[in-house]
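K.L.:
Just so you know, the sequences run in chain order H and C. Heads up, my numbering is the position in the first sequence plus 99, with the first residue counted as 1. Heads up, my numbering is the position in the second sequence plus 8, with the first residue counted as 1.
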Amino acid sequence: MWSWFHKWGSPKWFYGMAGRCLPWVAVATLLCWGIGLGWGLLVAPMDFRQGNSFRIIYVHVPVAVVSLAGYYLMAIAAAIHLVWRMKLADMALKSAALIGAALTFLALVTGAIWGKPTWGTWWVWDARITSMLVLFLIYMGIVLLYEALADRPEQASRVCAILALVGTVNIPIIYKSVDWWYSLHQPATIRFTGAPSMDPSMFYPLLWCIVACYLMYGTLMMLYVRGEILRREIRTQWLQDIVRGMR
Amino acid sequence: MYFDSWQQAWEMAGHGPYVWGAISICLLLFIWLPVRELIAQRQLLRREQRRQQLLSQQASMGNT
């Protein structure tokens, strides 16, 4: 158990492992997006109430789901960094903040585009949408704090880790917002308990898209953490050897 | 295919701009995120290679 933990804390081991996995995960990502989007946009039938605008679900739900799941990963990385001062956890925290911000931004934008033909408005200050906006602001806050404190990396990583942990309060609020408050946003389509409130012909392509989005998250995380390792440790012996080997 | 023609798939009975707009914004960001990072990493590695070359040149000049 400890050797496993130790290995995951080693930038050198992660750099090599991620480098070997990246091409495969990237190809799997492209395949799943291709199948999911092709099926969902062109083959799946139209929703009888919302018309074709419902097809936005095939990007909206995956990015929203993964932006929330990514927050857990980021909060765990933050806790590990605070407790064990693990460098790799800090790199994961920084990478997860930027990727999470991008995904949350997309969830908000695609939601707004979906809202226009469905509700007749781009934006409402309702519980689900506002709490997602707060999520975006927390992610962006962490990204900007790292930038602002670039010359004091120790302090930056500690402040960002604390902000990430405090921000965890927002996550259950997002999940429960559609049940707790009267909301324009429709309740969750997929639940762990019970069948999805969606016909299989529409649901299967959505599953492909969600898997694609998770795989994409994995690809991006491996890529960005590798980049962080390069930026911070380029002068270490093992990376200098890799650079020398590239000639 | 659910639609009878590509034209219909493009228009989506009036919802085309919303659906294809949302998809294109996502795809743009999905492409931009890895590409900017790959470019940054490549630049960093190139810079480091040049630094190593310079150092080894200086070292060999110092020897002669």
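Backbone N, C-alpha and C fix where the C-beta goes; we use that ideal spot for every residue, glycine too.
Give me the subset of the region 17-40 of chain C whose CB atoms are less than 7 Å from a CB atom of chain H, sorted by chain position.
P.N.:
The residues in question are A17, M20, A21, H23, Y26, V27, G29, A30, I31, I33, C34, L37 and F38.
K.L.:
Considering only C-alpha positions, which residue in the set H:R330, H:M185 and H:W337 is nearest to R50 (chain C)?
P.N.:
In the second sequence, residue 50 (chain C) corresponds to position 42, counting from 1. For R50 (chain C), the nearest C-alpha among the options comes from H:R330.
K.L.:
Go through its chain and collect everything with a Cβ distance to M301 (chain H)'s Cβ below 6 Å, but skip five positions before and after it.
P.N.:
As a working note, residue 301 (chain H) is residue 202 in the first sequence. Answer for M301 (chain H): A143, listed in chain order.
K.L.:
Please give me, in chain order, every unbroken run of the alpha helix (DSSP H) with length at least 4 that falls completely inside the region 249-334 of chain H.
P.N.:
Whole alpha helix (DSSP H) segments, 4+ residues: 252-266, 269-279 and 299-332.
K.L.:
Comparing C-alpha positions only, which one of H:I328, H:L121 and H:I272 sits nearest to G108 (chain H)?
P.N.:
Translated into positions along the first sequence, residue 108 (chain H) becomes position 9. Looking at the Cα atoms, H:I328 is the closest of the given residues.
K.L.:
Could you tell me which chain C residues have their CB closer than 8 Å to the CB of V142 (chain H), listed as they occur along the chain?
P.N.:
Indexing the first sequence from 1 puts residue 142 (chain H) at position 43. Those within 8 Å of V142 (chain H) in chain C are M9 and Y10.
K.L.:
Is it the case that the Cβ atoms of V208 (chain H) and I33 (chain C) are separated by a distance below 8 Å?
P.N.:
Against the first sequence, residue 208 (chain H) aligns to sequence position 109. Against the second sequence, residue 33 (chain C) aligns to sequence position 25. Going by C-beta atoms, V208 (chain H) is nearer than 8 Å to I33 (chain C).
K.L.:
Exposed or buried, what is R227 (chain H) when buried is set at 16 or more other beta-carbons lying within 10 Å of its beta-carbon?
P.N.:
What you label residue 227 (chain H) is simply residue 128 of the first sequence in a count that begins at 1. By the 10 Å Cβ count, R227 (chain H) comes out buried.
K.L.:
Applying the 10 Å Cβ sphere with the 16-neighbour rule, what's the burial state of I261 (chain H)?
P.N.:
Counted from its first residue, the first sequence places residue 261 (chain H) at position 162. Counting Cβ neighbours within 10 Å, I261 (chain H) comes out exposed, since fewer than 16 surround it.
K.L.:
Determine, using beta carbons only, whether L197 (chain H) and C308 (chain H) come nearer to each other than 8 Å.
P.N.:
For this step, residue 197 (chain H) is matched to residue 98 along the first sequence. For this step, residue 308 (chain H) is matched to residue 209 along the first sequence. No; because the gap between Cβ atoms is not below 8 Å, this pair is not in contact.
K.L.:
Between the Cα of M320 (chain H) and the Cα atoms of C:D12, C:E56 and C:L46, which residue gives the shortest distance?
P.N.:
Along the first sequence, read from residue 1 onward, the residue named residue 320 (chain H) stands at position 221. Comparing Cα positions, the closest option is C:L46.
K.L.:
So, with DSSP's three-state summary, where would you put G108 (chain H)?
P.N.:
On the first sequence, residue 108 (chain H) is found 9 positions in, with the first residue counted as 1. In the structure shown, G108 (chain H) sits in coil (DSSP, three-state: anything other than H, G, I, E or B).
K.L.:
Assess contact between the region 126-133 of chain H and the region 9-20 of chain C, defined as three or more Cβ pairs (one per stretch) separated by less than 8 Å. Is contact present?
P.N.:
With a cut-off of 8 Å, the region 9-20 of chain C and the region 126-133 of chain H do not count as touching, because too few Cβ pairs lie within range.
K.L.:
Does any residue of chain H have a CB that is nearer than 8 Å to the CB of A67 (chain C)?
P.N.:
Numbered from 1 along the second sequence, position 59 holds the residue referred to as residue 67 (chain C). Cβ-Cβ to chain H under 8 Å: no for A67 (chain C).
K.L.:
Mind checking which residues open and close the alpha helix (DSSP H) that includes F38 (chain C)?
P.N.:
Here residue 38 (chain C) is taken as the residue at index 30 of the second sequence, counted from 1. G24 to N71 is the extent of the alpha helix (DSSP H) around F38 (chain C).
K.L.:
Can you list, in chain order, the residues of the region 309-339 of chain H whose Cβ is nearer than 9 Å to any Cβ on chain C?
P.N.:
Within the region 309-339 of chain H, the residues whose Cβ lies closer than 9 Å to some Cβ of chain C are M315, T318, L319, L322, Y323, R325, G326, L329, R330, I333, R334, L338 and Q339, listed in chain order.
K.L.:
For chain H, is any of its Cβ atoms less than 8 Å away from the one on Q57 (chain C)?
P.N.:
The residue labelled residue 57 (chain C) in the question sits at position 49 within the second sequence. Q57 (chain C) counts as touching chain H.
K.L.:
Which complete alpha helix (DSSP H) runs does the region 175-222 of chain H hold, if anything under 4 residues is left out?
P.N.:
Runs found: 186-218.
K.L.:
List, in order along the chain, the chain C residues whose C-beta lies closer than 7 Å to that of P216 (chain H)?
P.N.:
Residue numbering aside, residue 216 (chain H) sits at position 117 when the first sequence is read from its first letter. Near P216 (chain H) (Cβ distances below 7 Å), the residues of chain C are H23 and Y26.
K.L.:
Going along chain H, which residues have a C-beta under 9 Å from L52 (chain C)?
P.N.:
The residue you call residue 52 (chain C) lines up with position 44 of the second sequence. Residues of chain H passing the Cβ test: G326, L329, R330 and I333.
K.L.:
Across which residues does DSSP place D146 (chain H) in a beta bridge pair?
P.N.:
Position 47 of the first sequence, counted from the start, is the residue given in the question as residue 146 (chain H). For D146 (chain H), which the question treats as bridged, DSSP gives the partners H:G150.
K.L.:
Can you pull the chain C neighbours of R343 (chain H), defined as C-beta to C-beta under 7 Å?
P.N.:
Here residue 343 (chain H) corresponds to residue number 244 of the first sequence, with the count starting at 1. Result: Q60.
K.L.:
Below 7 Å, is the gap between the Cβ of H23 (chain C) and the nearest heavy atom of the ligand GDP?
P.N.:
In terms of ligand content, the structure shown is empty, and the ligand GDP therefore cannot be addressed.
K.L.:
Pop quiz: A30 (chain C) and W221 (chain H) are said to be a contact at Cβ under 8 Å. What is the actual Cβ separation, rounded to whole angstroms?
P.N.:
As a working note, residue 30 (chain C) is residue 22 in the second sequence. As a working note, residue 221 (chain H) is residue 122 in the first sequence. Not a contact, Cβ separation roughly 12 Å.
K.L.:
Whole angstroms is fine: what's the gap from I341 (chain H)'s alpha carbon to Y313 (chain H)'s?
P.N.:
The sequence position of residue 341 (chain H) within the first sequence is 242, counting from 1. The sequence position of residue 313 (chain H) within the first sequence is 214, counting from 1. Distance between the alpha carbons of I341 (chain H) and Y313 (chain H): 30 Å.
K.L.:
Hey, would you say L181 (chain H) sits closer than 8 Å to L322 (chain H), going by beta carbons?
P.N.:
Taking the first residue of the first sequence as position 1, residue 181 (chain H) is located at position 82. Taking the first residue of the first sequence as position 1, residue 322 (chain H) is located at position 223. No.
K.L.:
For a quick check, are the C-beta atoms of G169 (chain H) and Y303 (chain H) less than 8 Å apart?
P.N.:
By one-based count along the first sequence, residue 169 (chain H) stands at place 70. By one-based count along the first sequence, residue 303 (chain H) stands at place 204. Cβ distance not < 8 Å, so G169 (chain H) and Y303 (chain H) don't count as in contact.
K.L.:
Note down the Cα distance separating L129 (chain H) from F38 (chain C), rounded to an integer number of angstroms.
P.N.:
Within the first sequence, the letter at position 30 stands for residue 129 (chain H). Within the second sequence, the letter at position 30 stands for residue 38 (chain C). For L129 (chain H) and F38 (chain C), the distance between alpha carbons rounds to 11 Å.
K.L.:
Mapping DSSP to helix, strand and coil, what is S166 (chain H)?
P.N.:
The count along the first sequence starts at 1 and reaches residue 166 (chain H) at position 67. Three-state result, S166 (chain H): helix.
K.L.:
Could you compute how far the alpha carbon of I241 (chain H) sits from the alpha carbon of S68 (chain C)?
P.N.:
Here residue 241 (chain H) refers to the residue found at position 142 when the first sequence is read from its first residue. Here residue 68 (chain C) refers to the residue found at position 60 when the second sequence is read from its first residue. Taking the straight line joining both Cα atoms gives about 46 Å.
K.L.:
How is the alpha helix (DSSP H) around S230 (chain H) delimited, first residue to last?
P.N.:
Numbered from its first residue, the first sequence carries residue 230 (chain H) at position 131. Counting along the chain, the alpha helix (DSSP H) containing S230 (chain H) begins and ends at A226 to A247.
K.L.:
Using DSSP with H/G/I as helix, E/B as strand and the rest coil, what is D340 (chain H)?
P.N.:
Mapped onto the first sequence, residue 340 (chain H) falls at position 241. Note: D340 (chain H) maps to helix in three-state DSSP.
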